[in-house]
Amino acid sequence: MRLVSTRYVKEGAFLARPVINAAGQILLQADIMLTSAYIERLQRLGFDVVFIKDDRLDDIEVHIALSAQTREVAYRTVNSLMSQIESGNTKELELEFVRLTIQEMINDLLYSHDIITNLSEIQGFDDYTFHHSVNTTVLGLILGIASGYSEPKLLELGMGILMHDVGKTKVPAQILNKPTPLTPEEFEEIKKHTLYGFDILRQNRDLSLAAAHVALQHQEKWDGTGYPRGLKGSQIHEYGRVAAVADVYEALTSKRIYRPALQPYQAYEYIIANSGTHFEPRMLSIFAKHVAVYSNGCGVRLSNGQRGNVIKQNKSFPTRPYVRIFYQGEEALRMPIEYNLAEHPALFIVEVDNR
Ligand SMILES: [Fe+2]
């Protein structure tokens, strides 16, 4: 299978994976043949890419972080949390559902592959808050698992991250969704979501204080320039340091109403460039080992003009996967060529190209 942009996919191609929306509902089944009506609908719903069948890439494995079922459970939990808070119940949140959701997510991740090549197969326009909290939690849990956290610690971290932005329910929506730059006063108001969130969470005695600190500290930066308290280095709780990386990477790779998503490698470069200033360097080396920048099946163009697809990951070299090449420029090669880019320092990926 391979990824193909919904702008370029041709009628008659067969889906290799189901297309799922944020609520975990299957919109199109795997094996279905794409018609022009389906393709139009996918574009309209904001799906940028789909996995299609391709005999030349039969052997590729794609590891999706969460099962559709777990995603559906997470969706219901986040929705119900938000409506509990919005209806004024902040003291007795139904944390048991949150706990069970995180437990299922941990189970999925513990049994899934070592390197997550696709955080999510969902790319529609709907429901940013939901995507963001669930995907950030997945990333945070991957970092926690890779750091050797015990299950109780993973549970604490995951619950904290899933609820890290609950304070945004207390920030006026016109500020949160403002498509133009914020005034200094508006930014001060946004910053308070960390304090509001901590306030809500610490009223719930069943939730540990460490988990509540994720809401308070996810905007702190390693060099002390973050908010709300300007904490520095190890003054920031380790959960806060994990959440900072996961939160920023997820936000950059998601599309918003007012800007397109960054390519994963652009987000990755941003994160790496901010090692030691915004982020804890140790956390980033763990991140680089477990999150794929170019996912398996992704189409890429190399610095020598050749074009093909990513077939496998190199642990520790997230920007240098194995690739299978089919084209030299626009011309099809007679035989595909494979490179392990970790062994070809002069060759590099210049562009994602899902034609
Ligand atoms: Fe936040």
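In the working numbering, the protein residues as written are 420 to 774. Built from N, CA and C at the ideal position, the CB exists for glycine as well.
Proximal residues to residue i (C-beta, below 8 Å), its chain only, five neighbours per side dropped
i	result
Glu608	Val590, Pro591 and Ile594
Lys610	Gln638, Tyr646 and Pro647
Lys572	Gly563
Leu766	Leu721, Ser722, Asn723, Tyr758 and Leu760
Residue i to residue j span [Cα, whole Å]
i	j	result
His709	His632	25 Å
Arg662	Lys640	It should be pointed out that residue 662 corresponds to Ala in this sequence rather than to Arg. Spanning the two alpha carbons is a distance of roughly 11 Å.
Val664	Ile439	26 Å
Ile744	Thr672	26 Å
Gly695	Lys651	11 Å
Lys674	Leu681	8 Å
Thr588	Gly465	26 Å
Lys731	Pro740	6 Å
Glu513	Pro755	55 Å
Arg475	Arg774	15 Å
Val428	Ala565	36 Å
Ala711	Asn759	15 Å
Ala432	Ser455	10 Å
Ala761	Ser714	16 Å
Thr613	Ser531	32 Å
Thr707	Arg678	According to the sequence as given, residue 707 is Ala; it is not Thr. Whole-angstrom Cα-Cα distance: 25 Å.
His763	Thr738	12 Å
Val667	Leu560	15 Å
Pro558	Asp772	It should be noted that the sequence gives Leu, not Pro, for residue 558. When rounded, the distance between both Cα atoms is 25 Å.
Thr599	Gly443	32 Å
Cβ-heavy atom distance, residue i to ligand 1, below 7 Å
i	result
His583	yes
His632	no
Gln638	yes
His612	yes
Asp666	yes
Residues of its chain near residue i, where Cβ-Cβ distance is below 6 Å and the 5 sequence neighbours each way are ignored
i	result
Pro437	Ile445, Gln448 and Ala449
His656	His632 and Gln636
Ala630	Glu575, Met578 and Gly579
Ser627	Glu575
Pro683	Thr672 and Val712
Gln725	Ile744 and Gln747
Gly643	Gly649 and Lys651
Phe736	Ala761
Limits of the unbroken beta strand (DSSP E) element including residue i
i	result
Ala670	No beta strand (DSSP E) holds Ala670; the alpha helix (DSSP H) holding it covers Glu657 to Thr672.
Lys587	Careful: Lys587 lies outside any beta strand (DSSP E) and carries neither H nor E.
Gly718	Gly718 to Leu721
Leu422	Arg421 to Ser424
Arg753	Glu750 to Asn759
Ile458	No beta strand (DSSP E) contains Ile458, which is instead part of the alpha helix (DSSP H) from Ser455 to Arg463.
Val769	Ile768 to Val771
Arg726	Gln725 to Lys731
Phe745	Tyr741 to Gln747
Val710	Note, Val710: premise wrong, no beta strand (DSSP E); not H, not E.
Val633	Where Val633 is concerned, there is no enclosing beta strand (DSSP E), although the alpha helix (DSSP H) it sits in stretches over Leu628 to Gln636.
Ile445	Ile445 to Leu447
Ile471	Val468 to Ile471
Any C-beta of chain C under 8 Å from that of residue i
i	result
Ala441	The structure shown has no chain C; it contains just one protein chain.
Heavy atom of ligand 2 within 7 Å of residue i beta-carbon
i	result
Asp467	Among the ligands modelled here, namely ligand 1, ligand 2 does not occur.
Extent of the continuous alpha helix (DSSP H) to which residue i belongs
i	result
Ala493	Ala487 to Glu505
Asn526	Leu514 to Tyr530
Gln685	Pro683 to Ala692
Leu595	Ala592 to Leu595
His763	That residue, His763, is in no alpha helix (DSSP H); it is neither H nor E in DSSP.
Thr602	No alpha helix (DSSP H) holds Thr602; DSSP gives it neither H nor E.
Tyr615	His612 to Arg621
Neighbourhood of residue i by C-beta, 7 Å cutoff - its chain only, sequence neighbours within 5 removed
i	result
Thr496	Phe516, Val517 and Thr520
Thr509	Ile619 and Gln622
Glu523	Thr489 and Val492
The stretch 617-631 contacting the stretch 577-586, beta-carbon criterion three pairs below 8 Å: Because the criterion of three Cβ pairs below 8 Å is met, the stretch 617-631 and the stretch 577-586 touch.
At least 3 beta-carbon pairs within less than 8 Å: the stretch 691-703 vs the stretch 714-726: They do not touch, by the three-pair rule.
Touching by the beta-carbon criterion (3+ pairs, under 8 Å), the stretch 498-518 and the stretch 735-755: No: the two stretches stay apart, fewer than three of their Cβ pairs being nearer than 8 Å.
Three-pair Cβ contact test at 8 Å for the stretch 467-485 versus the stretch 524-533: As far as the Cβ criterion goes, the stretch 467-485 touches the stretch 524-533, which means the pair count is three or higher.
At least three beta-carbon pairs within less than 8 Å, the stretch 422-434 to the stretch 466-473: Touching, yes, given that three or more Cβ pairs across the two stretches are closer than 8 Å.
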